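Let me begin by presenting the structure, written as structure tokens, before commenting on it.
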Amino acid sequence: MNWISLLGLDALAARWRAAAIELAIAAEDRTDLARLEWAQHKRSLQTMLVLLVAVGGLGVVVLLMLSVAVLVQFWDSPYRALAAWGLGGLWLALWGLLVWQLVVTMRRLSRPFLLTRNELIQDWQSIKRKL
135 MNWISLLGLD ALAARWRAAA IELAIAAEDR TDLARLEWAQ HKRSLQTMLV
185 LLVAVGGLGV VVLLMLSVAV LVQFWDSPYR ALAAWGLGGL WLALWGLLVW
235 QLVVTMRRLS RPFLLTRNEL IQDWQSIKRK L
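Using the numbering used here, the first residue of the sequence shown is number 135, and each one after it goes up by one.
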């Protein structure tokens, strides 16, 4: 004897079953989205690290060579001190620009999984509206 049918709970059981299946599908979709965003975030971090090392290494060599060239050019002139202070100011300005760009990049990378979080927020709001 089927007590669920006898008590008229077939529709309720079917709704609960459908809701559980929908929940499982939604959870799987959110997990896939989080996995895709993690892969993208990891690739971005790897690219940033490689570019940071390359730019840092080549930048130091280029700027040192330019500094030496400018100092050699003005070594026997009365503008030697001005050239040295000018190079120092230029280095400081470039350093400030790079620090600013690094802060902007770190802020952008400090918000991983933005799409997943937005999707979960929308899901939670939808659940609250239904309740």
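Every residue gets a Cβ at the ideal spot worked out from N, C-alpha and C, and that includes glycine.
Just so it is clear, the structure is predicted and the values come from calculations on it, not from any experiment.
{"Query": "Considering just the uninterrupted stretch of the alpha helix (DSSP H) at Arg263, what are its terminal residues?", "Result": "Leu248 to Lys264"}
{"Query": "Below 8 Å on the Cβ atoms is my guess for Leu243 versus Leu179; work out the distance and round it to an integer in Å.", "Result": "7 Å"}
{"Query": "Taking the alpha-carbon positions, what's the Trp150 to Leu170 distance?", "Result": "30 Å"}
{"Query": "Are there three or more Cβ pairs, one per stretch, closer than 8 Å when the segment 241–258 is compared with the segment 158–172?", "Result": "yes"}
{"Query": "Excluding the five sequence neighbours on either side, which residues of its own chain have a C-beta within less than 7 Å of the C-beta of Ala218, listed in chain order?", "Result": "Leu205"}
{"Query": "Pick helix, strand or coil for Trp225, following the three-state DSSP scheme.", "Result": "helix"}
{"Query": "Give the straight-line distance between the Cα atoms of Val287 and Ala173, rounded to the nearest whole angstrom.", "Result": "Look at the range of the chain in this structure, 135 to 265, and you will see that residue 287 is not part of it."}
{"Query": "Going by beta-carbon coordinates alone, are Asp257 and Ala158 separated by less than 9 Å?", "Result": "no"}
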